[in-house]
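Numbering (numbering that gives the first Met the number 0), first residue to last: 0 to 438. Backbone N, C-alpha and C define an ideal beta-carbon position, used for all residues, glycine too. As the structure is a prediction and not an experimental result, all values here were calculated from the model. For reference, the structure is listed below as structure tokens.
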Amino acid sequence: MFKGAVLRYLLSDALSLIGNSIAGVVLPLVLLARTGDVLAAGSLALICAVPQFVCGVVGGAVLDRVNRRTVSVVADLISAASCALLPVVDEVWGLSFGWFVVLGLLGAVGDVPGMSARDALLPSVCEREGADLQRFVGASQSLGALVNIVGPAVAALLIGFMDDVDALWITAAFSCGAALVTLTLPRSVGEVSLSNDATAACNGDMTRDAASVPAGVDGAPAAPKKAGMLAAAKSVLVDGLSALFATDSLLRASTLLSFGITMVMGSLQGIVLPAYFTQLGQPEAVGYVVSAMGAGLLVGSTAYTALAHVMSRRRWLVVSLLGMAASVCVLGQFPALPVLLAAAAVLGLFAGPASALLGFFAFDRVPDDRRGSAMGTLNALYLVVAPAGAFVGSVLISTAQIDGAGLVLTGAWVVVTALALIARPLRHLDGEVKASLAD
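What follows is the structure in structure tokens.
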């Protein structure tokens with residue numbers, strides 16, 4: 000049983016996630032309603048992607064130097080402000096493309112570092128309470144799935160009862176709640192834990208080789224705490240990319256697989272499905288589809304948490320990938336709403352184990368003193384990949400219409416699945432040892 004700081008971490012995470020899930024449904028619909036142009040909505044996502052990436056990298060630099068609990072709290076408050084300002088601006092001046100860009104950039108300042116801070120806190124909270132990391136990641140995925148049932152359904156109901164942009168007040172309230180709950184966590188769980196080698200390097204007492212040092216590469220000494228933030232961010236980016244892609248083939252393969260899935264889902268959920276249901280005059284149906292996916296994800300994640308020992312990790316991954324591919328093949332045809340809801344639920348069901356496994360590899364195989372850099376870089380990359388997918392989806396809709404976009408995205412998902420199934424690092428997942436700086 001989880002207790003203490005673990006439960007408070009989960010509550011804070013749930014509050015943040017439920018606000019984000021409401022915004023994830025409402026914002027694309029507001030964008031389409033205010034701009035009236037699918038390509039403009041996709042372009043906005045791409046415009047904000049580069050600043051989001053920069054904020055993620057700089058946030059990673061901050062996370063390896065500043066208490067991670069503090070970063071999480073401040074980030075949630077900034078996110079709350081960016082959401083609350085949207086209905087204010089809409090009421091006073093009216094939302095335009097420029098306002099979406101400005102407030103999207105403000106949101107990036109909070110969202111990306113906040114995600115990274117929360118990810119970096121998870122193993123520390125788990126270690127403090129003596130909770131098993133793999134089971135905790137599974138439980139966290141299950142909670143996220145539960146939230147993703149409630150949030151989009153609430154968003155759909157809100158759209159039916161109030162102006163679409165006013166639903167963002169709810170998002171702001173949940174972000175504030177998440178910040179308050181995070182404040183109740185012990186300050187010690189947010190402190191950066193450096194290895195002896197890293198501490199010596201930060202003091203300038205030694206250098207390190209590319210395989211054994213936690214900050215910086217190519218034998219250069221780690222950047223001191225007082226170094227300029229841009230130099231620190233560059234160091235974090237290089238170190239984060241190194242941790243994710245250079246030293247661990249399993250982590251590299253699982254990260255690339257996650258990117259492929261995120262890009263296709265970013266296109267489907269971020270622009271194609273909202274455009275499809277807006278065209279049908281049923282914008283609230285987006286919330287129901289995402290809720291159905293969340294319901295399946297909850298069942299899949301819970302089943303994996305309870306039954307992880309029943310099958311090997313490789314078998315769990317193969318079953319998950321094949322089930323997800325079959326579901327996307329149905330989704331991409333845009334069938335009648337009941338069938339589409341069922342396909343979304345099955346997609347979530349099979350995504351549960353895959354999501355838990357890929358999340359476990361990311362947390363388990365990055366050492367603590369590199370976790371801020373790695374998670375900051377990883378989340379920054381995710382927030383480039385997903386908007387890139389949304390932009391591709393908007394281009395596909397503009398050139399090949401919605402039906403053509405569905406077919407292209409289905410084909411892309413099948414390709415990603417095939418590459419994952421034949422990838423050598425993903426063939427032997429059992430008996431893998433935790434990555435260490437000495438590898």
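Given that a residue counts as buried once 16 or more other Cβ atoms are within 10 Å of its Cβ, and exposed if not, what is residue i?
i	result
residue 160	exposed
residue 92	exposed
residue 163	buried
residue 183	exposed
residue 21	buried
residue 75	buried
residue 309	exposed
residue 158	buried
residue 95	exposed
residue 27	buried
residue 402	exposed
residue 425	buried
residue 398	exposed
residue 17	buried
residue 320	buried
residue 179	exposed
residue 248	exposed
residue 421	exposed
residue 63	buried
residue 35	exposed
residue 33	buried
residue 334	exposed
residue 324	buried
residue 23	buried
residue 423	exposed
residue 131	exposed
residue 97	exposed
Round the Cβ separation of residue i and residue j to the nearest angstrom and send it over; I've been treating them as touching at under 8 Å.
i	j	result
residue 174	residue 79	4 Å
residue 104	residue 387	No, residue 104 and residue 387 are not in contact; Cβ-Cβ is about 17 Å, not under 8 Å.
residue 188	residue 4	6 Å
residue 136	residue 359	5 Å
residue 284	residue 336	6 Å
residue 238	residue 372	4 Å
residue 111	residue 379	6 Å
residue 382	residue 51	4 Å
residue 259	residue 347	With 8 Å as the limit, residue 259 and residue 347 do not qualify as a contact, their Cβ atoms being about 18 Å apart.
residue 47	residue 167	So it is not a contact: roughly 16 Å between Cβ atoms.
residue 313	residue 428	5 Å
residue 271	residue 107	Contact flag wrong, Cβ pair sits at about 23 Å.
residue 452	residue 37	Only positions 0 to 438 of the chain appear in this structure, which leaves residue 452 out of reach.
residue 31	residue 277	5 Å
residue 351	residue 299	2 Å
residue 154	residue 286	5 Å
residue 269	residue 385	7 Å
residue 67	residue 119	5 Å
residue 297	residue 148	6 Å
residue 329	residue 338	7 Å
Can you give me the start and stop residues for the alpha helix (DSSP H) that residue i sits inside?
i	result
residue 127	96-128
residue 19	4-34
residue 184	Run containing residue 184: none; DSSP gives neither H nor E here.
residue 80	67-91
residue 246	No alpha helix (DSSP H) contains residue 246, which DSSP labels as neither H nor E.
residue 278	272-279
Which runs of the alpha helix (DSSP H) at least 4 residues long sit entirely within the stretch 290-345? Give them in chain order. 312-330
For a minimum of 4 consecutive residues, which ranges assigned as the alpha helix (DSSP H) are wholly contained in the stretch 365-409? none
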